[in-house]
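Enquirer: Could you have a look at this structure, given as structure tokens, before my questions?
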Amino acid sequence: MKHVRSISEIGTEGVVRILRTARHMEAVNSRPVPKVPALVGRTVVSLFFEDSTRTRISFETAARRLSADTVNFSVSTSSLNKGESLRDTIETVSAMGAAVFVVRHRTSGVPWQISEWTDASIVNAGDGWHQHPTQALLDCYTVMARRGLDPSPECLAGLRIAIVGDSRHSRVARSCLEAFSGLGAEVVLVGPATLLPPDTTSWTVSTSTSLDDVLPEVDVVYMLRMQRERMNEALVPDLAEYSRRFGLDETRWSRTRPDTLLMHPGPMNRGVEMMFDPSSTTQSAIIDQVTHGISVRMAVLFELLASGDEVPS
Amino acid sequence: MTRDPGDTGTNDESVHVLRSDDLDRAMTRISHEIIERNRGLDGVVLIGLQRGGVWLSERLATTLERIDGRPVPRGELDVSLFRDDIGLRPVTPVAVTRIPIDLTGARVIVIDDVLYTGRTVRAALDALHQYGRPAQVQLAVMVDRGHRELPIRPDYIGKNLPTSSDEDVVVSPEGVVLRRRATT
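Chains as they are written, first to last, in this note's numbering: chain A, -3 to 309; chain B, 108 to 291.
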């Protein structure tokens, strides 16, 4: 595995492989000293052109637990502000010996562009509306772990997963959809028609505009963050109206089956898509998602740098 | 080294070096050596290396308990993330580490099936450090096949087996088999 830029790039086989390795990493994380020397001497550079707390910290923690060195390239204080091109920046940092770039950028496709300019591996930590593969991987892992399933190409078969919210502009939705359905789950996108993808005929997915209809019959309710900036584009009349139809409150949640899982990629908009405190229900797997994120990202870095399927020349 | 008469017809390249009962006898001898050398079993902890050493450590624990009458603490250690050849060969960590007690002050006996380059044992010594500071670490192996690349020597040996590097040594409950690797 050279890059992890999208779910389709690594394929179901790659997904399963990473999930298997992640399980081992979870065991490492539960040891008295949750640190192993596997990636000692390798450098992981995080390159975030867009705000992020949890993803960046999660990657840096993952890298450190594998004993890699981490460099946090802060765009706001960099020479990019002096007019240095992205290409020059990448070439400069890779000349300093970066083994992996973890990239987040508001423009779709930037991770592919960057891999033209460096020999280092690229992990896409979110590009525009396009992809956020490690989020999808940790979500698959969380569902698997909560259901007591083993990683395999069909391990989510028979599960129905609702992705609720703005799936049209969501890289998380896109990646999760591919990953969940790649592992055999049935995915339904729920949201107002203006926020559903315009054409889903080529995807193996169904859509619904009624959260209340979907809730009683799904195994996982995956709430997306309502991006307030979408309001400016007049795609939802107002947030209160959105919340009334698609926000999750206690009454709505009580209509789910007792084993239905509640998930959210964070950060949560309390009072918009989440009208109640999810920590009040044991069905919430939101904290698990954060914890498993570290194991899964360790697995991704390990697969890229140490799995040994390519002998270094 | 004797050729297994039951084996010759099927595969000329496989040699049965130890049979199942030879293995049991070696295990009994090693158990007595462990008790003699440690003057009993006080503070002794068995650690089997994933994966070949784990079932051997279970066998050894059973034999020691039969001789001494007391159960011996036993754990399992996976060293794949501590290896020095990470990235040089395929590594798929899947096995688990399970160390039931703090190893500080313990007499740890590391058990593996085959001792070859010594690199696995080196990784195991590193990994053990995270579970405390043992008073002593000893090494028990069923087969010492030579070709060491590090200054590591076993304390208890089932069988010394001179090999060439194009041979594989397979240790299982059925015994020890020396197999010439197919040249492709």
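Don't be surprised by glycine CBs; every beta carbon is placed ideally from N, CA and C.
#1: How many angstroms separate the CA atom of Asp114 of chain B from the CA atom of His123 of chain B?
#2: Can you find a CB in chain B that lies within less than 8 Å of the CB of Val29 of chain A?
#3: Starting from the Cα of Glu22 of chain A, find the closest Cα among A:Ala302, A:Leu301, A:Ser303, A:Val286 and give me that residue.
#4: From Pro33 of chain A to Leu156 of chain B, what does the alpha carbon distance come to, in whole angstroms?
#5: Between the C-alpha atoms of Gly180 of chain A and Thr277 of chain A, what's the straight-line distance to the nearest angstrom?
#6: On the criterion of 16 or more Cβ atoms from any shown chain inside 10 Å, does Asp215 of chain A qualify as buried, or is it exposed?
#7: If I measure Cβ to Cβ from Asp255 of chain A and keep anything under 8 Å in the same chain, skipping five residues before and after, which residues do I get?
#8: Hey, out of A:Gly289, A:Ser275, A:Thr85, A:Leu297, whose CA is closest to Ser54 of chain A's CA?
#9: Mind checking whether Ser250 of chain A and Val268 of chain A have CB atoms under 8 Å apart?
#10: Suppose contacts are defined by Cβ-Cβ distances below 8 Å. Is Pro129 of chain A in contact with Ser291 of chain A by that definition?
#11: Relative to the C-alpha of Asp209 of chain A, which residue among A:Arg224, A:Leu231, A:Phe242 is closest?
#12: For the structure I just gave you, are there three or more beta carbon pairs, one from the segment 276 to 287 of chain B and one from the segment 240 to 253 of chain B, closer than 8 Å?
#13: Taking Ile282 of chain A as the reference, give the member of A:Ala230, A:Pro212, A:Arg221 with the closest Cα.
#14: For Arg110 of chain B and Asp129 of chain B, I'd like the C-alpha separation in whole angstroms.
#15: Grab the span of the alpha helix (DSSP H) containing Val268 of chain A for me, first residue to last.
#16: Buried or exposed for Arg102 of chain A, please, with buried defined as at least 16 other CB atoms from any protein chain shown within 10 angstroms of its CB.
#17: Under the assumption that Val168 of chain A contacts Val217 of chain A (Cβ atoms under 8 Å), give the Cβ distance between them as a whole number of angstroms.
#18: Is it right to say Asp192 of chain B is buried, meaning 16 or more other beta carbons lie within 10 angstroms of its own, or is it exposed?
#19: In whole angstroms, what separates the C-alpha of Gly225 of chain B from that of Glu256 of chain B?
#20: From His165 of chain A to Trp125 of chain A, what distance separates their C-alpha atoms?
#21: Pull up the CB-CB distance for Arg181 of chain B and Leu153 of chain B, whole angstroms please, since I reckon it's below 8 Å.
#22: Exposed or buried, Leu184 of chain B, counting other C-beta atoms within 10 Å across all chains shown (16 or more means buried)?
#23: Between the segment 188 to 208 of chain A and the segment 24 to 38 of chain A, can you find at least three pairs of beta-carbon atoms closer than 8 Å?
#24: For His139 of chain B, count the other beta carbons within 10 Å of its own beta carbon; 16 or more makes it buried, fewer makes it exposed. Which is it?
#25: Using the Cβ count rule (16 or more neighbours within 10 Å means buried), how would you classify Cys136 of chain A?
#26: Could you check which residue in A:Thr66, A:Gly187, A:Phe45 has the C-alpha nearest to that of Leu297 of chain A?
#27: Tell me where the alpha helix (DSSP H) around Phe55 of chain A begins and ends.
#28: By DSSP, does Asn145 of chain B sit in helix, in strand, or in coil?
#29: In angstroms, rounded to a whole number, what distance separates the CA positions of Leu155 of chain A and Glu182 of chain A?
#30: Starting from Ile218 of chain B, trace the alpha helix (DSSP H) in both directions and tell me its first and last residue.
#31: At what residues does the beta strand (DSSP E) containing Asp86 of chain B begin and finish?
#32: Cβ atoms of Gly159 of chain B and Val221 of chain B: under 8 Å apart, would you say?
#33: I'd like to confirm the pairing. Which residues does DSSP put opposite Glu182 of chain A in its beta bridges?
#34: Under 7 Å, CB to CB, which of the residues in the segment 18 to 51 of chain A have a partner in chain B?
#35: Along chain A, in chain order, which residues have C-beta atoms closer than 7 Å to that of Thr224 of chain B?
#36: Between Leu173 of chain A and chain B, is any beta-carbon pair separated by less than 8 Å?
Expert: To lay it out plainly:
#1: Residue numbering aside, residue 114 of chain B sits at position 7 when the second sequence is read from its first letter. Residue numbering aside, residue 123 of chain B sits at position 16 when the second sequence is read from its first letter. Low confidence applies to Asp114 of chain B: its pLDDT is 47, below 50, so where it sits in the model is not reliable, and the reading given next is rough at best. Whole-angstrom Cα-Cα distance: 8 Å.
#2: If you number the first sequence from 1, residue 29 of chain A lands on position 33. True, the Cβ-Cβ gap to chain B drops below 8 Å.
#3: Translated into the one-based positions of the first sequence, residue 22 of chain A becomes position 26. Checked all of A:Ala302, A:Leu301, A:Ser303, A:Val286; the closest Cα to Glu22 of chain A is A:Val286.
#4: Taking the first residue of the first sequence as position 1, residue 33 of chain A is located at position 37. Taking the first residue of the second sequence as position 1, residue 156 of chain B is located at position 49. Approximately 18 Å between the Cα atoms of the pair.
#5: What you label residue 180 of chain A is simply residue 184 of the first sequence in a count that begins at 1. What you label residue 277 of chain A is simply residue 281 of the first sequence in a count that begins at 1. Those two C-alpha atoms are separated by around 27 Å.
#6: Along the first sequence, read from residue 1 onward, the residue named residue 215 of chain A stands at position 219. Label assigned to Asp215 of chain A: buried.
#7: In the first sequence, the residue the question calls residue 255 of chain A occupies position 259. Hits under 8 Å: Asp215, Gln279.
#8: Counting from one through the first sequence, the residue named residue 54 of chain A turns up at place 58. Residue A:Gly289 is the option with its Cα nearest to Ser54 of chain A.
#9: Within the first sequence, residue 250 of chain A is the residue found at index 254, counting from 1. Within the first sequence, residue 268 of chain A is the residue found at index 272, counting from 1. No, the Cβ-Cβ distance between Ser250 of chain A and Val268 of chain A is not below 8 Å.
#10: Your numbering for residue 129 of chain A matches position 133 in the first sequence. Your numbering for residue 291 of chain A matches position 295 in the first sequence. Against a cut-off of 8 Å, the Cβ pair of Ser291 of chain A and Pro129 of chain A comes out as no contact.
#11: Within the first sequence, the letter at position 213 stands for residue 209 of chain A. For the residues A:Arg224, A:Leu231, A:Phe242, the minimum Cα distance to Asp209 of chain A belongs to A:Phe242.
#12: yes
#13: For this step, residue 282 of chain A is matched to residue 286 along the first sequence. It is A:Arg221 whose Cα lies nearest to the Cα of Ile282 of chain A.
#14: Counted from its first residue, the second sequence places residue 110 of chain B at position 3. Counted from its first residue, the second sequence places residue 129 of chain B at position 22. With a pLDDT of 48 at Arg110 of chain B, under the threshold of 50, the predicted position of this residue should be treated as unreliable, and no value is reported.
#15: In the first sequence, residue 268 of chain A corresponds to position 272, counting from 1. No alpha helix (DSSP H) contains Val268 of chain A, which DSSP labels as neither H nor E.
#16: The count along the first sequence starts at 1 and reaches residue 102 of chain A at position 106. So Arg102 of chain A ends up on the exposed side.
#17: In the first sequence, the residue the question calls residue 168 of chain A occupies position 172. In the first sequence, the residue the question calls residue 217 of chain A occupies position 221. No, Val168 of chain A and Val217 of chain A are not in contact; Cβ-Cβ is about 14 Å, not under 8 Å.
#18: Along the second sequence, one-based indexing puts residue 192 of chain B at 85. With fewer than 16 other Cβ atoms within 10 Å, it is exposed.
#19: Numbered from its first residue, the second sequence carries residue 225 of chain B at position 118. Numbered from its first residue, the second sequence carries residue 256 of chain B at position 149. Going by the C-alpha atoms only, they are around 6 Å apart.
#20: Position 169 of the first sequence, counted from the start, is the residue given in the question as residue 165 of chain A. Position 129 of the first sequence, counted from the start, is the residue given in the question as residue 125 of chain A. About 5 Å.
#21: Walking along the second sequence from the start, residue 181 of chain B turns up at place 74. Walking along the second sequence from the start, residue 153 of chain B turns up at place 46. Right, the Cβ-Cβ distance comes to about 4 Å (below 8 Å), so this counts as a contact.
#22: Locating residue 184 of chain B in the second sequence gives position 77, counting from the first residue. It is buried - the Cβ of Leu184 of chain B has at least 16 other Cβ atoms within 10 Å.
#23: no
#24: On the second sequence, position 32 is the one that residue 139 of chain B refers to. With fewer than 16 other Cβ atoms within 10 Å, it is exposed.
#25: Within the first sequence, residue 136 of chain A is the residue found at index 140, counting from 1. Buried: at least 16 other Cβ atoms inside 10 Å.
#26: Your numbering for residue 297 of chain A matches position 301 in the first sequence. When only C-alpha atoms are compared, the closest one is A:Thr66.
#27: Taking the first sequence and counting its residues from 1, the one referred to as residue 55 of chain A is at position 59. Taken as a continuous stretch (DSSP letters only), the alpha helix (DSSP H) holding Phe55 of chain A covers 50 to 61.
#28: Taking the second sequence and counting its residues from 1, one reaches residue 145 of chain B at position 38. Coil at Asn145 of chain B, not helix or strand.
#29: As a working note, residue 155 of chain A is residue 159 in the first sequence. As a working note, residue 182 of chain A is residue 186 in the first sequence. Going from the Cα of Leu155 of chain A to the Cα of Glu182 of chain A covers about 6 Å.
#30: As a position in the second sequence, residue 218 of chain B is number 111, starting the count at 1. No alpha helix (DSSP H) holds Ile218 of chain B; the beta strand (DSSP E) holding it covers 214 to 222.
#31: What the structure shows of chain B is the stretch from 108 to 291, and residue 86 of chain B is not part of that stretch, so it cannot be assessed.
#32: By 1-based counting over the second sequence, the position of residue 221 of chain B is 114. By 1-based counting over the second sequence, the position of residue 159 of chain B is 52. Yes, Cβ-Cβ distance for Val221 of chain B and Gly159 of chain B is below 8 Å.
#33: In the first sequence, residue 182 of chain A corresponds to position 186, counting from 1. For Glu182 of chain A, which the question treats as bridged, DSSP gives the partners A:Arg156.
#34: His20, Ala23, Val24, Arg27, Pro28, Val29, Val32, Pro33, Ala34
#35: Translated into the one-based positions of the second sequence, residue 224 of chain B becomes position 117. Under the 7 Å cutoff, chain A gives no residues; its nearest Cβ is about 16 Å from Thr224 of chain B.
#36: Here residue 173 of chain A refers to the residue found at position 177 of the first sequence. No, because no Cβ of chain B sits closer than 8 Å to the Cβ of Leu173 of chain A.
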